[in-house]
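Enquirer: Sharing a structure here in structure tokens format.
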Amino acid sequence: YRKVSEQLPPTYHDYYSYCFYSNPRMACESALPAIMDEQALMGLNPNADACYRQRALVYFEQLKESLDGWEVCAEALAKGFYSDDHVKFFCFQVLEHQIKFRHESLTAAQQQLIRETLMKWLQAQLMNVHPEKPFIRNKAAQVLALTFVMEFLTLWPKFFFDILNLVGLNSNGVDIYLRTLMAIDAEVVDRDILHSSEETRRNILIKDTMREQCIPALVESWFQILQTYQHTHSELTCQCLEVVGAYVSWIDLNLIANDRFVNLLLSHMSIEELREEACDCLFEIINKGMEPVDKTKLVETLCQVLQSAGFFNIEQEEDVDFLAKFSRLVNGMGQSLVLSWTKLSKMADVKVSAETLRAVEGKIPLMLQLLIHEDDDISANIVGFCYDYLLVLKQLPALSEQQKTNVEAIMLAVMNKLKYDDEYNFENEGEDEAMFVEYRKQLKMLLDRLAQVSPELLLEAVHRVFNATMQNWQTVQFMEVEVAIRLLYMLGEALPASHGAHFSGDTTKTSTLQSMMRTLVSCGVSEYQHSSVTLEFFETVVRYDTFFLVEPQHIPSVLMAFLDHRGLRHSSPKVRSRVAYLFSRFIKTLQ
Numbered sequence: 001y002r003k004v005s006e007q008l009p010p011t012y013h014d015y016y017s018y019c020f021y022s023n024p025r026m027a028c029e030s031a032l033p034a035i036m037d038e039q040a041l042m043g044l045n046p047n048a049d050a051c052y053r054q055r056a057l058v059y060f061e062q063l064k065e066s067l068d069g070w071e072v073c074a075e076a077l078a079k080g081f082y083s084d085d086h087v088k089f090f091c092f093q094v095l096e097h098q099i100k101f102r103h104e105s106l107t108a109a110q111q112q113l114i115r116e117t118l119m120k121w122l123q124a125q126l127m128n129v130h131p132e133k134p135f136i137r138n139k140a141a142q143v144l145a146l147t148f149v150m151e152f153l154t155l156w157p158k159f160f161f162d163i164l165n166l167v168g169l170n171s172n173g174v175d176i177y178l179r180t181l182m183a184i185d186a187e188v189v190d191r192d193i194l195h196s197s198e199e200t201r202r203n204i205l206i207k208d209t210m211r212e213q214c215i216p217a218l219v220e221s222w223f224q225i226l227q228t229y230q231h232t233h234s235e236l237t238c239q240c241l242e243v244v245g246a247y248v249s250w251i252d253l254n255l256i257a258n259d260r261f262v263n264l265l266l267s268h269m270s271i272e273e274l275r276e277e278a279c280d281c282l283f284e285i286i287n288k289g290m291e292p293v294d295k296t297k298l299v300e301t302l303c304q305v306l307q308s309a310g311f312f313n314i315e316q317e318e319d320v321d322f323l324a325k326f327s328r329l330v331n332g333m334g335q336s337l338v339l340s341w342t343k344l345s346k347m348a349d350v351k352v353s354a355e356t357l358r359a360v361e362g363k364i365p366l367m368l369q370l371l372i373h374e375d376d377d378i379s380a381n382i383v384g385f386c387y388d389y390l391l392v393l394k395q396l397p398a399l400s401e402q403q404k405t406n407v408e409a410i411m412l413a414v415m416n417k418l419k420y421d422d423e424y425n426f427e428n429e430g431e432d433e434a435m436f437v438e439y440r441k442q443l444k445m446l447l448d449r450l451a452q453v454s455p456e457l458l459l460e461a462v463h464r465v466f467n468a469t470m471q472n473w474q475t476v477q478f479m480e481v482e483v484a485i486r487l488l489y490m491l492g493e494a495l496p497a498s499h500g501a502h503f504s505g506d507t508t509k510t511s512t513l514q515s516m517m518r519t520l521v522s523c524g525v526s527e528y529q530h531s532s533v534t535l536e537f538f539e540t541v542v543r544y545d546t547f548f549l550v551e552p553q554h555i556p557s558v559l560m561a562f563l564d565h566r567g568l569r570h571s572s573p574k575v576r577s578r579v580a581y582l583f584s585r586f587i588k589t590l591q
């Protein structure tokens with residue numbers, strides 16, 4: 001009695017004394033589960049006083065450590081004693097602790113109590129006019145998922161069937177069911193979560209058992225949910241698409257990649273609220289490991305349907321968020337085809353690999369449209385396919401005229417997309433600026449790969465752009481001037497030279513680089529009034545410092561640029577700081 005009463009508010013002590021002395025058994029079995037420490041529960045509110053919050057923490061620890069104290073929370077959930085969201089969450093937390101850390105030590109009756117509690121709580125949700133807050137539903141899904149992991153293989157093999165039979169197509173029930181599936185994915189499948197070897201073996205066994213016993217039923221439930229709610233409940237439909245995308249990586253693809261299911265997914269591509277999630281779902285389907293011939297067939301079928309439905313006409317699409325998802329989908333399809341081609345080439349299947357290469361090249365016009373799109377997120381999402389395509393070209397013995405045209409088009413796109421936009425804040429670089437810097441790094445990788453495929457073509461293209469810009473630098477916008485110098489700078493890595501000896505060896509490359517450097521230091525562009533151009537000028541001068549060993553007559557003018565208002569006396573502290581470092585490097589070379 002003393003231990004029980006210490007956990008209760010003073011107002012309940014007399015009642016407990018009566019229960020205990022008149023009927024001790026009733027005090028333990030009936031009264032305890034019905035009553036919680038109300039003052040401790042007040043501390044669960046984020047705005048509660050510190051003393052109440054401390055009491056809540058102590059109470060939480062007591063319930064966790066108690067052998068049967070958690071049952072008070074189970075009853076509160078099953079019977080809906082509390083309307084306060086924080087109390088409900090608290091009860092689920094206590095239950096979660098028992099399942100996670102004490103499940104094996106629970107009696108069979110206590111394990112049964114947990115199952116019954118969860119199902120009673122779920123049943124109550126079906127009747128709720130207003131669903132629980134998302135954080136309550138997420139926590140409930142976590143607890144259900146933990147129970148599943150602990151009991152599916154032994155005590156609760158009918159877990160999914162029991163839930164499906166209970167919730168049917170009730171929207172509140174379906175919501176919890178889908179959240180539970182995602183929570184199970186996190187517990188059992190998610191590769192980002194580290195598991196012990198024992199947990200890994202258990203998870204493999206769970207997936208194998210699910211494939212044998214219930215995956216077809218789950219897939220059917222997803223189809224019914226998608227079909228039922230696609231026009232009336234976009235949130236549920238998107239949740240279900242997310243589940244399909246998560247599970248498709250390890251279930252039988254034929255259950256999803258069939259006319260019935262794919263046509264439904266494609267129809268969602270035309271519904272504004274669903275199409276982004278439908279794109280993600282199709283991406284996961286495309287990403288699934290398959291035999292190369294089957295993968296090519298799947299991608300080509302999907303492409304034909306998307307093209308027929310007008311999705312390849314991206315210039316008519318104004319929704320950039322959708323286009324970013326669509327670009328990711330096209331990237332997935334392109335990379336899948338390249339992977340198929342690589343595998344088939346190794347198998348020396350000449351005919352089929354040639355067909356697959358044609359399939360790859362059939363996507364290049366769409367890839368280029370997405371690569372040059374003014375929105376950088378859309379462009380960035382297709383870079384992977386572009387990079388892989390260039391790798392394919394590098395492996396070919398010779399390029400066709402069309403392939404050369406494709407390479408030139410990619411070059412022009414990269415050169416254009418490297419430019420800063422008007423909104424870039426050079427003085428106070430924030431998140432948007434950091435994202436563009438990362439995007440530029442991706443474009444640099446493409447430029448390096450272009451150099452491997454056709455170094456002569458790249459050198460010629462950069463030379464052409466550089467000369468045209470330097471001839472008119474006084475009247476050209478800063479981003480045009482900066483990118484022209486930047487391209488010259490990038491050639492230093494794209495066309496590597498032993499120990500930086502860019503001005504010896506290959507006469508074509510040497511003479512072209514030497515010509516551009518001569519133009520850079522003599523055309524007066526160092527006077528351009530923009531910090532990005534100024535910095536790029538000095539960075540390039542130092543990168544090609546060996547040029548001044550070949551043409552030392554340019555040293556005085558460059559030294560003057562370093563020392564006057566263009567360099568060490570520049571108005572920007574950022575420029576002065578960087579130039580000071582570059583100047584020290586430049587001087588070392590001249591020594």
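If you read the sequence shown in full-length UniProt numbering, its first letter stands for residue 1, the second for the next number, and so on.
Heads up, the beta-carbon is just placed ideally off N, CA and C, and yes, glycines get one too.
Please list the terminal residues of the continuous alpha helix (DSSP H) segment that includes Asn467.
Expert: Numbered from 1 along the sequence shown, position 467 holds the residue referred to as residue 467. Counting along the chain, the alpha helix (DSSP H) containing Asn467 begins and ends at Pro455 to Gln471.
Enquirer: When the Cα atoms are used, what is the spatial distance from Leu218 to Gln54?
Expert: Sequence index remark: in the sequence shown, residue 218 carries index 218 (1-based). Sequence index remark: in the sequence shown, residue 54 carries index 54 (1-based). If you take the alpha carbons of Leu218 and Gln54, they lie about 44 Å apart.
Enquirer: Got a sec, what are the start and stop residues for the alpha helix (DSSP H) Ala48 sits in?
Expert: The count along the sequence shown starts at 1 and reaches residue 48 at position 48. Run containing Ala48: none; DSSP gives neither H nor E here.
Enquirer: If we count the other Cβ atoms within 10 Å of its Cβ and call it buried at 16 or more, is Asn435 buried or exposed?
Expert: As a position in the sequence shown, residue 435 is number 435, starting the count at 1. A quick correction: the sequence has Met, not Asn, at residue 435. By the neighbour-count rule (16 or more Cβ atoms within 10 Å), Met435 is not buried but exposed.
Enquirer: Taking its Cβ as the centre, do 16 or more other Cβ atoms sit within 10 Å of Thr296, making it buried, or is it exposed?
Expert: Working through the sequence shown from its first residue, we reach residue 296 at position 296. With 16 or more Cβ atoms within 10 Å of its Cβ, Thr296 is classed as buried.
Enquirer: Is there contact between the stretch 366-376 and the stretch 315-330, where contact requires at least three CB pairs shorter than 8 Å?
Expert: Taking 8 Å as the limit for Cβ pairs, the verdict is that the stretch 315-330 does touch the stretch 366-376.
Enquirer: In three-state terms, what does DSSP make of Met290?
Expert: Numbered from 1 along the sequence shown, position 290 holds the residue referred to as residue 290. Coil, per DSSP.
Enquirer: Taking Glu272 as the reference, give the member of Val320, Ile285 and Asn287 with the closest Cα.
Expert: The sequence position of residue 272 within the sequence shown is 272, counting from 1. It is Val320 whose Cα lies nearest to the Cα of Glu272.
Enquirer: Tell whether a beta-carbon distance below 8 Å holds between Tyr489 and Arg543.
Expert: The residue you call residue 489 lines up with position 489 of the sequence shown. The residue you call residue 543 lines up with position 543 of the sequence shown. Yes, the Cβ-Cβ distance between Tyr489 and Arg543 is below 8 Å.
Enquirer: Looking only at its chain, what residues have a beta carbon closer than 7 Å to the beta carbon of Gly80, apart from the 5 residues adjacent to it on each side?
Expert: Along the sequence shown, one-based indexing puts residue 80 at 80. Closer than 7 Å at Cβ, skipping near neighbours: Ala124.
Enquirer: Rounded C-beta distance between Leu344 and Val352? I'm assuming under 8 Å.
Expert: Taking the sequence shown and counting its residues from 1, one reaches residue 344 at position 344. Taking the sequence shown and counting its residues from 1, one reaches residue 352 at position 352. That belief holds up - the Cβ atoms of Leu344 and Val352 are roughly 5 Å apart, short of 8 Å.
Enquirer: Counting pairs of beta carbons, one from the stretch 468-487 and one from the stretch 521-540, are three or more of them closer than 8 Å?
Expert: Contact between the stretch 468-487 and the stretch 521-540 is present, because at least three Cβ pairs lie under 8 Å.
Enquirer: Can the beta-carbon of Cys281 be found less than 8 Å from the beta-carbon of Val244?
Expert: Position 281 of the sequence shown, counted from the first residue, corresponds to residue 281. Position 244 of the sequence shown, counted from the first residue, corresponds to residue 244. Cβ atoms of Cys281 and Val244: closer than 8 Å.
Enquirer: Classify Arg191 as helix, strand or coil using the three-state DSSP reduction.
Expert: Position 191 of the sequence shown, counted from the start, is the residue given in the question as residue 191. In this structure, Arg191 counts as coil in the three-state DSSP scheme.
Enquirer: In this structure, how does DSSP classify Ile382 when only helix, strand and coil are distinguished?
Expert: Looking up residue 382 in the sequence shown gives position 382. If DSSP states are grouped into helix, strand and coil, Ile382 belongs with coil.
Enquirer: Among the candidates Gln111, Gln93, Arg115 and Leu164, whose CA atom is the shortest distance from the CA of Leu126?
Expert: Taking the sequence shown and counting its residues from 1, one reaches residue 126 at position 126. Comparing Cα positions, the closest option is Leu164.
Enquirer: For Pro33, I'd like the list of residues in its chain whose CB is within less than 7 Å of its CB, leaving aside the five on either flank, ordered along the chain.
Expert: Here residue 33 corresponds to residue number 33 of the sequence shown, with the count starting at 1. No answer about Pro33 holds up, because its pLDDT of 41 lies below 50 and its placement is not dependable.
Enquirer: Look at the alpha carbon of Ser267 and the alpha carbon of Leu41, and state the distance between them as a whole number of angstroms.
Expert: Counting from 1 along the sequence shown, the entry for residue 267 is found at position 267. Counting from 1 along the sequence shown, the entry for residue 41 is found at position 41. One C-alpha to the other measures close to 49 Å.
Enquirer: State yes or no: is the C-beta of Tyr247 within less than 8 Å of the C-beta of Leu236?
Expert: Here residue 247 refers to the residue found at position 247 when the sequence shown is read from its first residue. Here residue 236 refers to the residue found at position 236 when the sequence shown is read from its first residue. In this structure, Leu236 does not lie closer than 8 Å to Tyr247 by Cβ.
Enquirer: In whole angstroms, what is the alpha-carbon distance linking Leu67 and Phe92?
Expert: Locating residue 67 in the sequence shown gives position 67, where the first residue counts as 1. Locating residue 92 in the sequence shown gives position 92, where the first residue counts as 1. Between Leu67 and Phe92, the C-alpha separation is close to 16 Å.
Enquirer: Answer yes or no: do Ala501 and Gln442 have a C-beta to C-beta separation smaller than 8 Å?
Expert: The residue labelled residue 501 in the question sits at position 501 within the sequence shown. The residue labelled residue 442 in the question sits at position 442 within the sequence shown. No. Outside cutoff.
Enquirer: What is the rounded straight-line gap between the Cα of Gln307 and the Cα of Ile285?
Expert: Position 307 of the sequence shown, counted from the start, is the residue given in the question as residue 307. Position 285 of the sequence shown, counted from the start, is the residue given in the question as residue 285. If you take the alpha carbons of Gln307 and Ile285, they lie about 18 Å apart.
Enquirer: Is Pro134 helix, strand or coil when you go by DSSP?
Expert: Counted from its first residue, the sequence shown places residue 134 at position 134. Note: Pro134 maps to helix in three-state DSSP.
Enquirer: Please report how far the alpha carbon of Lys207 lies from the alpha carbon of Leu535, in whole angstroms.
Expert: The sequence position of residue 207 within the sequence shown is 207, counting from 1. The sequence position of residue 535 within the sequence shown is 535, counting from 1. The alpha-carbon atoms of Lys207 and Leu535 are separated by roughly 56 Å.
Enquirer: Which residues mark the beginning and the end of the alpha helix (DSSP H) in which Lys79 is found?
Expert: For the purposes of this step, residue 79 is taken as residue 79 along the sequence shown, with counting starting at 1. Glu71 to Lys79 is the extent of the alpha helix (DSSP H) around Lys79.
Enquirer: Between Ala278, Leu391, Gln474 and Ser400, which has its C-alpha nearest Asp448's C-alpha?
Expert: In the sequence shown, residue 448 corresponds to position 448, counting from 1. The candidate whose alpha carbon is nearest that of Asp448 is Leu391.
Enquirer: Within the same chain, show all residues whose beta-carbon is closer than 7 Å to that of Asn23, passing over the 5 residues directly before and after it, in chain order.
Expert: The residue given as residue 23 occupies position 23 in the sequence shown. For Asn23, the pLDDT reaches just 37, beneath the cut-off of 50, and the residue's location in the model is therefore unreliable, although a value from the coordinates is still provided. Answer for Asn23: no residue qualifies.
Enquirer: Should the stretch 140-147 be called in touch with the stretch 176-184, which here means at least 3 C-beta pairs below 8 Å?
Expert: Yes: at least three Cβ pairs fall under 8 Å.
Enquirer: Please classify Val129 as buried or exposed, where buried requires at least 16 other C-beta atoms within 10 Å of its C-beta.
Expert: Position 129 of the sequence shown holds residue 129. By the 10 Å Cβ count, Val129 comes out exposed.
Enquirer: Is there contact here, the stretch 403-420 with the stretch 450-461, by at least three beta-carbon pairs under 8 Å?
Expert: Segments in contact, yes.
Enquirer: If you draw a straight line from the C-alpha of Trp473 to the C-alpha of Lys363, how long is it?
Expert: Numbered from its first residue, the sequence shown carries residue 473 at position 473. Numbered from its first residue, the sequence shown carries residue 363 at position 363. Rounded to the nearest angstrom, the two C-alpha atoms are 37 Å apart.
Enquirer: At which residue ranges does the UniProt domain "Exportin-1/Importin-beta-like" (134-282) contain complete beta strand (DSSP E) runs of 3 or more residues, listed in the order of the chain?
Expert: Segments of the beta strand (DSSP E) lying fully in the UniProt domain "Exportin-1/Importin-beta-like" (134-282): there are none.
Enquirer: Specify the secondary structure class of Met347 as computed by DSSP and reduced to three states.
Expert: In the sequence shown, counting from the first residue as 1, residue 347 sits at position 347. Note: Met347 maps to coil in three-state DSSP.
Enquirer: Using the Cβ count rule (16 or more neighbours within 10 Å means buried), how would you classify Leu221?
Expert: Within the sequence shown, residue 221 is the residue found at index 221, counting from 1. What sits at residue 221 in the sequence shown is Ser, not Leu. Buried, because 16 or more other Cβ atoms sit within 10 Å of the Cβ of Ser221.
Enquirer: Once DSSP output is grouped into helix, strand and coil, what is the label at Gln402?
Expert: Position 402 of the sequence shown holds residue 402. In this structure, Gln402 counts as helix in the three-state DSSP scheme.
Enquirer: Return the Cβ separation of Leu457 and Val407 in integer angstroms, given the expectation that the two are a contact with Cβ distance under 8 Å.
Expert: In the sequence shown, the residue the question calls residue 457 occupies position 457. In the sequence shown, the residue the question calls residue 407 occupies position 407. About 6 Å; that satisfies the 8 Å criterion.
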